[in-house]
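*Asks:* For the sequence shown, the residue numbers in full-length UniProt numbering are 1 to 857.
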Amino acid sequence: MGPKKTVKALHAEEDGFDLPEEAPRDESEGNLAEAHASARGRGRGGKKGGGRGRSKATGETKKRQPVTCCIVPGCTYPKYPGCRFCSLGDHKKAFDNLMYQRRSRKDITQEQKDAFDETMQDDGLAGREVHQFAMDNPPELKKKGLVDFAKFVRIRGERLATVDQNGCRPFTERAWYKYAENVEGLSEQEAQEQWKTFYADRSLKRDNMGFHGAERLWLPVHELDFKERSHYVDNQVHEFSGDLRAPAAAERQMLKDGKHVCAVCGEFAVCRNSSLQDHLKRQDLSFDDEHFSRSAMQMEDLAKGPPTTPHKKDSKGKMKDEDELTPEKVASLNPTREGPILHRSMESSRKKIVQDFKKCDLVAKKAMDTFKEHPTELKAADRALLSFARTLQFRFETGCRCQGQAKDIQQMVPDASMCAVGPSVSASVGSDSAAAAPPSPSSTAAKSQVVTAEQLAARQAMSFRDFLAEVRTQKHKFWDGNVADLPTLEEVEEMQDKALTERDPLEFAKLKKEWALKEKILQCIPKAIKQAADDISKHMKVKVTENNREKRRRDEQTSKDALRKIREDAQAAADQVKRRKTEGKKAQALFTITLPVETVPQVPMLTDTCKSGDHWKSPWMMSGGEDLAACLGDSALQRALSSWGSQYKRAMSNAKLTQASLPMDDKQGRPSFNAYIEKLLPRSEVPDISEVAGGKGFMDATWLFGLAMDNTCAGFIPNHASTFRVLVVGEVRFFIIEWCSLSSVMLQNEPEPKPNPEALLTKLQTLDETALTEILKQGINSRQCVLKAKQVLFIPAGWLVVEAAVPQGEHIYGLRKNVFLKSSANKYEEGIKITQASGNSESACERMRKVLEILKK
């Protein structure tokens, strides 16, 4: 055998822990060490003493008892000290239960007891018996024995119910039309509209269970509201566990076999699936059976009255005629000792209550001062504030009277229920004097709604008992207990003195109970006062905040209304001025006239440009085609056009103009558009004017332009050069007139000195349609056209351009480029004369002369 193991090691093995192995000891070394060891004495409380230890008188040492296992077969737990059984496996508890039954049961003889004792002396037999008893009586169930019972219950009754049914029924489309016509009374069109509504509702259930797989919708058309009455018989089998005390061998065998005693017939029955349903079905049960009827003894007992508590028996076992209620037990009180203790506790609680009263009084007075400063207009319309104020003043008055300081009572608002005496309290409390009787409610209601000094003085002079007798006190009581239980601090002091002098235990117990009630009441009063003060303070703060917010909102709205009115007046004035200008201004025929092709021919549409020829001296149009589409498809140019299309209207609005333009740079796709224009121009026609100041920049410049929908203008091309126009979006109507032919006709009948070009242009715009038609018939060279998107329009120098936007769509914008051509040298010379006649600077005319010299080379 190996070394013996300690209890700790055995416990660790049982729990699954691994402990380090103990090194074997030499018996001789152990005995020698134990013989020479000094056992130190134990001090007080189990601590080691400071004295010298005593050595054992002899060299003999007691060997420690070995740890052995429980005697129950198969149990590996160690024995409990002083017992043959273990406590970990509950075998000791089972053995104790057996020994308890052996001592307490009175139905066993002495011979059976001796046989039990003899059996328990044998470890083998005792272990098996205890193991069997532990298996039959699990200790965690706390019952010595368990048996399953079953009883049969039959319940008869009547039910009344109001039922509201809502459901869905399946319909195909044809079935719905029949149902709608025959049941709902709908027309064919109404049924079709309703079916479409149902079909569009995806929350309805659908299936394909109709005829030949037709789709069905589950429509909510079933509605039923009815009352139901039903009679029922409910047969039940109740299974439960009960106690089977001291089961015999036959009963134990019955439990093992699964047989139970039938609660109806008293016979044994074999359970099937832990129930007696099959057995009960074979019984012929009715309400006439004795198990469901009262016996004669029960009927006699019920005739005497309702069941009562059984009478107690006296010491001789005789039944007493009357019940003797056990009086309330008074603990072994010692008033002489507990009186001062109660006095100290009452004094401490009273001081705490006084401090609470002082704190809540400050909060309440602050709330009352805030109420006085509250705006009058808010008080007049706030009924909730009136209720809060009455609650606070009532609770504050209650606190003042409990403290005995009636002179500190304050009245915030009048209360019609203050001076009315209630019948219940007046009879039990009474009044101190008839002279202090409060006035009637009618007289109080007739007084002013403002609390006067006389009313406040009357309230302060009222006695405590009269205060308790008021209807308001009974109605608005906020403490636990009766109204008459409300104490004062003076009464508490009297109770303190009584606690020191009372010597009767019963009276002292009543005094403690009374003090507990009054202490609870006094503790809740300061809390209630503080709560009422907080409620009214928060309410007033909220109302003031809302009022300020409303005033601020009202002022802001007034300011907004005033500003809006000013803007509306200004807009109305501007509209009136604009209306007067529009009404007084005649429509200019130059922009609205529709001329026949015989009078003003159309601008010719070319398919391709020639490198030279007379068509560079007159306007022409052509479709851009693939070359223009490729040019406009350049990414940089696309970004520039998109940006310009979204902002040119803002630029016109800021400048209050009907047209806007913006020069392009290389990052905006200008080289791509210039390359397209260069393909159209012959190189022989393009001069090199780089030696003129600004000449190279003029020839490279390209402009983005945008027009308003009501844009109309008439004038010369900038710098009197030729121009190319390309529209990206929109349409523009052009009326182009050769200036030399127009001026010669208009100056025929003009007196000397001849008017300048600007005056002639103004006169042209004032002509009506008839006069303008007559002038154009006198041999004036002119053209007309409508330029659309993705088309190119060329206008040479020396021509007057009249354009009007065609109001279609939302945007009109495109690109424009001006160039000098050698073929336009004569027309450019006329442009110099127009510039001089218009009064421009001499430097500008000098620069134009230099350009003219280059064009004539």
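Glycine included, C-beta positions come from ideal geometry on N, C-alpha and C.
Just so it is clear, the structure is predicted and the values come from calculations on it, not from any experiment.
1. As an exercise, report each continuous alpha helix (DSSP H) stretch of at least 4 residues that is fully enclosed by the stretch 710-764, in chain order.
2. Could you tell me the boundaries of the alpha helix (DSSP H) in which residue 92 lies?
3. Compare the Cα-Cα distances from residue 734 to each of 786, 762, 686, 683 and report the closest residue.
4. Exposed or buried, residue 57, counting other C-beta atoms within 10 Å across all chains shown (16 or more means buried)?
5. Look up residue 784 in the DSSP assignment and say whether it is helix, strand or coil.
6. In angstroms with no decimal places, state the Cα-to-Cα distance between residue 572 and residue 725.
7. Please confirm whether residue 619 and residue 603 have their CB atoms less than 7 Å apart.
8. Name the residue from 696, 809, 615, 678 whose alpha carbon lies nearest to the alpha carbon of residue 708.
9. Express the C-alpha separation of residue 469 and residue 438 in angstroms, rounding to a whole number.
10. Are the CB atoms of residue 718 and residue 837 within a distance shorter than 7 Å?
11. In terms of residues, what are the limits of the alpha helix (DSSP H) holding residue 111?
12. With a cut-off of 8 Å, do at least 3 Cβ pairs link the stretch 671-678 to the stretch 621-636?
13. What is the residue span of the alpha helix (DSSP H) that residue 492 lies within?
14. Ends of the beta strand (DSSP E) at residue 625?
15. Select from 517, 482, 549, 85 the residue whose C-alpha is nearest the C-alpha of residue 72.
16. Would you mind listing the beta strand (DSSP E) stretches within the stretch 783-813 that are 3+ residues and don't spill past its ends, in chain order?
17. Quick check on DSSP: helix, strand or coil for residue 127?
18. Excluding the 5 residues flanking residue 429 on each side, which residues of the same chain have their C-beta closer than 7 Å to its C-beta?
19. Following a CB-centred definition, is residue 794 positioned closer than 6 Å to any heavy atom of the ligand MN?
20. So, do the stretch 471-480 and the stretch 521-530 have three or more beta carbon pairs nearer to each other than 8 Å?
21. Taking only the alpha-carbon atoms, compute the straight-line gap between residue 742 and residue 748 and give it to the nearest angstrom.
22. Taking only beta-carbon atoms, is residue 709 less than 7 Å away from chain D?
23. Grab me the residues of residue 77's own chain with a C-beta within less than 6 Å of its C-beta, minus the 5 sequence neighbours each way, in chain order.
24. Our contact map puts residue 407 next to residue 455 with C-beta atoms below 8 Å; I'd like the distance itself, whole angstroms only.
25. Would the stretch 632-645 and the stretch 694-702 be scored as touching if the rule is three or more Cβ pairs under 8 Å?
26. Here's a check: name, in chain order, each residue in its chain whose Cβ is nearer than 6 Å to the Cβ of residue 339, leaving out the five neighbours to either side.
27. For the beta strand (DSSP E) that contains residue 706, what are its first and last residues?
28. Please check the pair residue 389 and residue 155, which I expect to be a contact at CB under 8 Å, by giving their CB distance rounded to whole angstroms.
29. Buried or exposed: which applies to residue 545, given that a residue is buried once 16 or more other Cβ atoms fall within 10 Å of its Cβ?
30. Report yes or no: do three or more beta-carbon pairs, one from the stretch 511-519 and one from the stretch 489-499, lie closer than 8 Å?
31. Could you tell me whether the stretch 391-400 touches the stretch 563-577, where touching means 3 or more Cβ pairs closer than 8 Å?
32. Residue 355 lies in the alpha helix (DSSP H); which residues open and close that run?
33. Do the stretch 369-384 and the stretch 542-557 make contact, defined as three or more Cβ pairs closer than 8 Å?
34. Can you say whether residue 361 is buried or exposed, counting buried as having 16 or more other CB atoms within 10 angstroms of its CB?
35. For residue 817, count the other beta carbons within 10 Å of its own beta carbon; 16 or more makes it buried, fewer makes it exposed. Which is it?
*Replies:* Straight from the coordinates:
1. 739-746
2. Taking the sequence shown and counting its residues from 1, one reaches residue 92 at position 92. Note, residue 92: alpha helix (DSSP H), 91-104.
3. The sequence position of residue 734 within the sequence shown is 734, counting from 1. Of 786, 762, 686, 683, the residue nearest in Cα terms is 786.
4. In the sequence shown, the residue the question calls residue 57 occupies position 57. Confidence at residue 57 is low in this model, with a pLDDT of 46, below 50, so its placement is unreliable and the value that follows should be read with caution. With fewer than 16 other Cβ atoms within 10 Å, it is exposed.
5. Residue 784 sits at position 784 when you count from the first residue of the sequence shown. In the structure shown, residue 784 sits in a strand (DSSP, three-state: E or B).
6. Your numbering for residue 572 matches position 572 in the sequence shown. Your numbering for residue 725 matches position 725 in the sequence shown. Approximately 39 Å between the Cα atoms of the pair.
7. As a first step, residue 619 is located in the sequence shown; it is residue number 619 there, counting from the start. As a first step, residue 603 is located in the sequence shown; it is residue number 603 there, counting from the start. Cβ distance < 7 Å, so residue 619 and residue 603 count as in contact.
8. Within the sequence shown, residue 708 is the residue found at index 708, counting from 1. Comparing Cα positions, the closest option is 809.
9. Numbered from 1 along the sequence shown, position 438 holds the residue referred to as residue 438. Numbered from 1 along the sequence shown, position 469 holds the residue referred to as residue 469. Low per-residue confidence applies at residue 438: pLDDT is 44, beneath 50, and the placement is therefore not dependable, though the value from the model is reported in the following sentence. Roughly 10 Å between the two C-alpha positions.
10. Position 837 of the sequence shown holds residue 837. Position 718 of the sequence shown holds residue 718. Cβ distance not < 7 Å, so residue 837 and residue 718 don't count as in contact.
11. Position 111 of the sequence shown, counting from 1, holds the residue named residue 111. Here the alpha helix (DSSP H) through residue 111 covers 110-121.
12. yes
13. For the purposes of this step, residue 492 is identified with residue 492 of the sequence shown, where counting begins at 1. Run containing residue 492: 489-501, per the alpha helix (DSSP H) assignment.
14. Counted from its first residue, the sequence shown places residue 625 at position 625. No beta strand (DSSP E) contains residue 625, which is instead part of the alpha helix (DSSP H) from 625-632.
15. Start at 1 with the first residue of the sequence shown, and residue 72 comes out as number 72. The option with the nearest alpha carbon to residue 72 is 85.
16. 791-795, 799-805
17. As a first step, residue 127 is located in the sequence shown; it is residue number 127 there, counting from the start. Three-state result, residue 127: helix.
18. The residue given as residue 429 occupies position 429 in the sequence shown. Because residue 429 sits at a pLDDT of 40, beneath the cut-off of 50, its placement in the model cannot be relied upon, and the following sentence gives the value as read from the coordinates. Here the set comprises 465, 468, 469, 484.
19. The model on display carries no ligand, and the ligand MN is accordingly not part of it.
20. yes
21. Working through the sequence shown from its first residue, we reach residue 742 at position 742. Working through the sequence shown from its first residue, we reach residue 748 at position 748. Rounded to the nearest angstrom, the two C-alpha atoms are 10 Å apart.
22. Absent from the structure: chain D. Only one protein chain is present.
23. Your numbering for residue 77 matches position 77 in the sequence shown. Same-chain partners within the cutoff: 70, 86, 88, 89.
24. Residue numbering aside, residue 407 sits at position 407 when the sequence shown is read from its first letter. Residue numbering aside, residue 455 sits at position 455 when the sequence shown is read from its first letter. Not confirmed; about 15 Å, so no contact.
25. no
26. Residue mapping note: residue 339 aligns to position 339 of the sequence shown, counting from 1. Around residue 339: 499, 500.
27. Translated into positions along the sequence shown, residue 706 becomes position 706. Note, residue 706: beta strand (DSSP E), 703-707.
28. Taking the first residue of the sequence shown as 1, we reach residue 389 at position 389. Taking the first residue of the sequence shown as 1, we reach residue 155 at position 155. Wrong, their Cβ atoms sit about 60 Å apart, outside the cutoff.
29. Within the sequence shown, residue 545 is the residue found at index 545, counting from 1. Under this definition residue 545 is an exposed residue.
30. yes
31. no
32. What you label residue 355 is simply residue 355 of the sequence shown in a count that begins at 1. Element bounds for residue 355: 335-373.
33. yes
34. In the sequence shown, counting from the first residue as 1, residue 361 sits at position 361. By the neighbour-count rule (16 or more Cβ atoms within 10 Å), residue 361 is buried.
35. Reading the sequence shown from its first residue, position 817 is the one you call residue 817. With 16 or more other Cβ atoms within 10 Å, it is buried.
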